[in-house]
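Chains A and B, in that order, are what the protein sequence lines are. At position 128 of the first sequence (counting the first as 1) the number is 128 in the UniProt record's numbering, and the numbers step up by one without a gap. At position 135 of the second sequence (counting the first as 1) the number is 135 in the UniProt record's numbering, and the numbers step up by one without a gap. Ideal Cβ positions, reconstructed from N, Cα and C, are used throughout, including at glycine. Structure, as structure tokens:
Protein chains: 2
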Amino acid sequence: MEAHEKGFFTEDDSVAVVTGRNENAKDQRLKQVMDVVTRKLHEAVKEIEPTQDEWMKAIFFLTQTGQICNEWRQEFILLSDVLGVSMLVDAINNRKPSGASESTVLGPFHVADAPELPMGANICLDQKGEDMVIEGRILDTDGQPITDALIDVWQANDEGFYDVQQKGIQPDFNLRGVFRTGPDGRYWFRAVKPKYYPIPDDGPVGQLLKELGRHPYRPAHLHYIIKADRFETLTTHIFDPDDPYINSDAVFGVKESLLAEFRRTRDPERSKQYQFAGDFWEVKHDFVLARANDECRGG
Amino acid sequence: MEAHEKGFFTEDDSVAVVTGRNENAKDQRLKQVMDVVTRKLHEAVKEIEPTQDEWMKAIFFLTQTGQICNEWRQEFILLSDVLGVSMLVDAINNRKPSGASESTVLGPFHVADAPELPMGANICLDQKGEDMVIEGRILDTDGQPITDALIDVWQANDEGFYDVQQKGIQPDFNLRGVFRTGPDGRYWFRAVKPKYYPIPDDGPVGQLLKELGRHPYRPAHLHYIIKADRFETLTTHIFDPDDPYINSDAVFGVKESLLAEFRRTRDPERSKQYQFAGDFWEVKHDFVLARANDECRGG
């Protein structure tokens, strides 16, 4: 009888010996997940051939990543983000029908109870930053406008901070709002030009990025969650294509189709109409929602 | 230009996009490790196709695994153990020349400053359990005895607990000791028959084992670290082959060559000599150390 048939571990049979223990699992999905995780872990270890010290460093890294987490900080999500795992899970779960807008990561700064505002409202409550007006349409994949779509938008300010990161400095619900479309599917609101910002980089994940020669910045963007009855909810961003970090988002959230044009506009008439003091930025972007039962494109 | 050439993430090019960011890493070994880790992680995600909820469950599991760690408990080592990763790292780092004794996991209960004892001492300080005498030789791969080898031994008691798990219940340094060989390479000491015991199973790793239908037990064993000048240090166990969990060690530490015979002995003369009250267990096991410069067998 071979060693692995007795349940004894050998380097060659390591995967079969370990996954063989999962045979009494009641949850077949968990069994499948752990079979794959075990196999890929062992493949990684066999390829890396870590020393005992390197293995211990990995143990400490994972431990510290767990221990820095609290109500406000999720370092394992950050790790998943910087290794591209979050975007991969997003891609797998959001294979869209042709023509629908693409999704990207939610990020940690969404707030569930942002106020619903009248169309055209200015979500910048502290007059800080460069004025911006954003407009567009919410459409179905046939190009028809969607009525009663809810557009939940949030963004960082001109220094790269969200309101929840600067409680007491920024007003509550600064640069957040929910808008509802009418029969024309149109939306528009006023805001300020967002800026690139670093992901939290004072923990183990920031240290890892440093050691890998990677910067921690995300290019400037606006977040959207767009919901409408009978359509798939869309969680996405739009990005400033001229941002210095547009080709190196630390969390890999950028997609070609999410680049919007941020156009600098001099138009005193419109400035006056928008109650802007002078020149402003102008962004036009349509979003296309997939029907809830639309067939997916697949991988 | 393709999306991935701009640093944009796509499902198909996910590995190249993420590992492409490591090109400025100063530490080439870290770069190599993270390249492999990223590739294997993405392979696992693509094979599993986790839902967003499953991904979040994995994030919570890792977070809780980190958060239960403290000075006395290392749940990520436990996770590494039950997934066979610790034994795999041990195997990779301890490819022995033919004839040398095999290694196994250190475990979390070694104490650095156990007392050196005279040969034959009884390491059981509380007279609890079934008497046992262990003897053998420390040899080189030519079968020659090794002088001045230090044998650091520790074990759980007859209820499956180490002294450090029962401070105030067991005497300090109960069932621990260090012995030094003379020119004949022989060692012997007295102890009690160890018992199987569960790894700590009240945390996330214990919960995972339960959900996988796995038990948390390790078969009865004695731990050894054997050191001698000019020889590789050997960290290993010997196991009781009649233990009910011998074919299903929760941490995969059992190897064929580590099975020792635990023989029940009735011999009033020897019982008297050993100061045992009656029948006793007898274990004979030789250990063979590899020379520090011996060539390894390789994988």
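List, in order along the chain, the chain B residues whose C-beta lies closer than 8 angstroms to that of residue i?
i	result
S248 (chain A)	G7 and R21
E211 (chain A)	A25, K26, D27 and L30
S80 (chain A)	W55 and I59
Q74 (chain A)	I59 and T63
N122 (chain A)	Correct list: empty, because the minimum Cβ distance to chain B is about 32 angstroms.
A3 (chain A)	K255 and E256
Taking the C-alpha atoms as reference points, what is the distance between residue i and residue j?
i	j	result
I238 (chain A)	N94 (chain A)	17 angstroms
D27 (chain A)	P183 (chain A)	47 angstroms
E75 (chain B)	D53 (chain A)	18 angstroms
D243 (chain A)	I199 (chain A)	16 angstroms
R180 (chain B)	P216 (chain B)	34 angstroms
Q165 (chain A)	G129 (chain A)	17 angstroms
D113 (chain A)	I59 (chain B)	25 angstroms
D240 (chain B)	Y197 (chain B)	13 angstroms
A277 (chain A)	C124 (chain A)	14 angstroms
E256 (chain A)	F8 (chain B)	7 angstroms
E5 (chain A)	R263 (chain B)	25 angstroms
Q275 (chain B)	K284 (chain B)	19 angstroms
F161 (chain A)	G107 (chain B)	46 angstroms
E47 (chain B)	M56 (chain B)	17 angstroms
E135 (chain A)	I68 (chain B)	48 angstroms
M132 (chain A)	E282 (chain A)	6 angstroms
In chain A, what lies closer than 7 angstroms to residue i by C-beta?
i	result
W55 (chain B)	V89
Q144 (chain B)	The premise fails here: Q144 (chain B) is roughly 29 angstroms from chain A at the closest Cβ pair, so nothing lies under 7 angstroms.
D14 (chain B)	Looking at the sequence provided, one finds Ser at residue 14 (chain B) rather than Asp. Residues of chain A passing the Cβ test: G84 and L88.
V37 (chain B)	A44
A100 (chain B)	By Cβ distance, chain A contributes nothing, its closest Cβ being about 16 angstroms from A100 (chain B), past 7 angstroms.
Take residue i and list the residues in its own chain whose beta-carbon comes closer than 7 angstroms to its own, dropping the five residues that flank it on each side.
i	result
D126 (chain B)	Q170, P171 and N174
S103 (chain B)	D90, N94, L234, T235 and T236
R15 (chain B)	It is worth fixing the name first, because residue 15 (chain B) is Val in this sequence and not Arg. Contacts found: T38, R39 and H42.
R297 (chain A)	In this predicted model, R297 (chain A) has a pLDDT of only 47, less than 50, meaning its place in the structure is not dependable; the value taken from the coordinates is given anyway. Result list for R297 (chain A): R95, K96, P97 and S98, in chain order.
Kindly indicate which residue of the options has the alpha-carbon position closest to the one of residue i.
i	options	result
E49 (chain B)	A:T233, A:P183 and A:R29	A:R29
R218 (chain A)	A:R270, A:D152, A:D249 and A:D242	A:D249
G203 (chain B)	B:K40, B:L79 and B:L41	B:L79
M87 (chain A)	B:D90, B:K128, B:V45 and B:D142	B:V45
E116 (chain A)	A:S98, A:M132 and A:V153	A:V153
A25 (chain B)	A:R270, A:Y196 and A:G213	A:G213
R137 (chain A)	A:D131, A:E130 and A:P145	A:P145
A228 (chain A)	A:L289, A:D201, A:T141 and A:N122	A:L289
F109 (chain B)	B:M132, B:K96 and B:I225	B:I225
L209 (chain B)	A:K210, A:E23 and A:D81	A:E23
L259 (chain B)	B:T141, B:K272, B:S101 and B:R270	B:S101
N293 (chain A)	A:T141, A:A191 and A:D163	A:T141
G20 (chain B)	A:V82, A:G120, A:F231 and A:A121	A:V82
Using a Cβ-Cβ cutoff of less than 6 angstroms, which residues in the same chain neighbour residue i once the five nearest sequence positions on both sides are dropped?
i	result
G84 (chain B)	F252
H223 (chain B)	W154 and H237
L221 (chain B)	For the record, residue 221 (chain B) in the displayed sequence is His; it is not Leu. Around H221 (chain B): H237 and F239.
R266 (chain A)	D279
K31 (chain B)	N22 and A25
Where does residue i fall in DSSP's three states?
i	result
T65 (chain B)	helix
H223 (chain A)	strand
H4 (chain A)	helix
R266 (chain A)	coil
W72 (chain B)	coil
Q155 (chain A)	strand
residue 341 (chain A)	Absent from the model: residue 341 (chain A). The displayed extent of chain A is 1 to 299, so no value can be given.
L88 (chain A)	helix
P198 (chain A)	strand
D53 (chain B)	helix
A16 (chain A)	helix
R230 (chain A)	coil
Name, please, each residue of chain B whose Cβ falls closer than 7 angstroms to the Cβ of residue i.
i	result
F252 (chain A)	F9, V17 and V18
P50 (chain A)	V89
Residues of chain B with CB under 9 angstroms from residue i, in chain order?
i	result
L125 (chain A)	Those do not exist, as L125 (chain A) stays about 32 angstroms from chain B at its closest Cβ, beyond 9 angstroms.
R214 (chain A)	R21, N22, N24 and A25
Just to make sure I have the definition right: I need the residues of chain A whose C-beta is within less than 8 angstroms of the C-beta of residue i. Which are they?
i	result
Q67 (chain B)	G66, Q67 and C69
Listing by chain order, which chain A residues have their CB less than 9 angstroms from the CB of residue i?
i	result
E261 (chain B)	Ordered by position in chain A, no residue passes the 9 angstroms Cβ test against E261 (chain B), which lies about 17 angstroms from the chain.
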